[in-house]
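Enquirer: Have a look at this one.
Numbering (the UniProt record's numbering), first residue to last: 1 to 165.
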């Protein structure tokens, strides 16, 4: 496949294209800014009347300095809050996270169902499976990084292949 791709690039006259991507697979739905990498941001499909939706992803800090996710925003919801779910004495609780989500140097934070997540309050127009929801993550040091939440099926676990990324 690499040889075929290289031949196609050269035959189309696109020899100016850099080819280092041929050595390793490129993640199709990941975002990177400076020392931060955001892997596979996703959400579940919700109807137009849904009061909330949730956003999930893995945020990796590859740098030597800590950072912090301090807020998030989207034109597709009234607001976004950072939440944490926990189970205490058999009772599931969800609470907002004050002060943001710390990102230790060389570490990663998983926003996933049943744990840390972005709570999109008042999603507008519903989220249809296969669509994208733009979200701007605001970090204490890295600044603003815009990602797209891939919309999975209702009840999905973020493992479905997402076309077109």
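Just so it is clear, CB atoms sit at the ideal spot from N, CA and C, and this is done for glycine as well.
In this text, all values refer to a predicted model and were calculated from it rather than measured experimentally.
Taking DSSP's pairing of strands, which residues face residue 135 in a bridge?
Expert: Answer by DSSP bridge pairing, in chain order: 147.
Enquirer: For residue 167 and residue 149, what's the separation of their Cα atoms in angstroms?
Expert: The structure shown does not extend to residue 167, since the chain is modelled only from 1 to 165, so the question has no answer here.
Enquirer: Inspect the beta-carbon positions of residue 77 and residue 122 and report whether they are closer than 7 Å.
Expert: Yes. Within cutoff.
Enquirer: Using beta-carbon positions only, say whether residue 83 and residue 96 come within less than 7 Å of one another.
Expert: In this structure, residue 96 lies closer than 7 Å to residue 83 by Cβ.
Enquirer: Leaving out five residues before and five after residue 104 in sequence, what residues of the same chain have Cβ atoms less than 6 Å from its Cβ?
Expert: These residues qualify, in order along the chain: 66.
Enquirer: Find out if the Cβ-Cβ distance for the pair residue 31, residue 151 is shorter than 7 Å.
Expert: It is not a contact, given that the beta carbons lie outside the stated cut-off.
Enquirer: For residue 141, which option in 100, 43 and 81 has the closest C-alpha, if you only look at C-alpha atoms?
Expert: The shortest C-alpha separation from residue 141 is found at 100.
Enquirer: Assuming residue 44 contacts residue 54 (C-beta within less than 8 Å), just tell me the rounded distance between them.
Expert: Between residue 54 and residue 44 the Cβ distance is about 7 Å, and since that is below 8 Å, they are a contact.
Enquirer: If we count the other Cβ atoms within 10 Å of its Cβ and call it buried at 16 or more, is residue 92 buried or exposed?
Expert: The residue is exposed, with fewer than 16 neighbouring Cβ atoms inside 10 Å.
Enquirer: Leaving out five residues on either side along the sequence, give the residues of the same chain with a beta carbon under 6 Å from the beta carbon of residue 42.
Expert: So the qualifying residues of the chain are 56, 149, 150, 152 and 158.
Enquirer: Name the two residues that bound the continuous beta strand (DSSP E) containing residue 31.
Expert: From DSSP, the beta strand (DSSP E) with residue 31 extends over 30–33.
Enquirer: For residue 114, which residues in the same chain have their Cβ closer than 8 Å to its Cβ, ignoring the five residues on either side in sequence?
Expert: 85.
Enquirer: Using only the alpha-carbon positions, how far apart do residue 143 and residue 156 sit?
Expert: Whole-angstrom Cα-Cα distance: 30 Å.
Enquirer: Note down the Cα distance separating residue 129 from residue 62, rounded to an integer number of angstroms.
Expert: Each residue's alpha carbon lies about 31 Å from the other.
Enquirer: Classify residue 52: buried if its beta carbon has 16 or more other beta carbons within 10 angstroms, exposed otherwise.
Expert: Exposed is the call here.
Enquirer: If you run the structure through DSSP and keep just helix, strand and coil, what is residue 97?
Expert: Residue state, collapsed to three classes: coil.
Enquirer: Alpha carbons only, please: which of 35, 50, 98 and 118 is nearest the one belonging to residue 137?
Expert: Ranking 35, 50, 98 and 118 by Cα distance to residue 137 puts 118 first.
Enquirer: Looking at C-alpha atoms only, which residue of 116, 109 and 154 is the closest neighbour of residue 38?
Expert: Considering only alpha carbons, the answer is 109.
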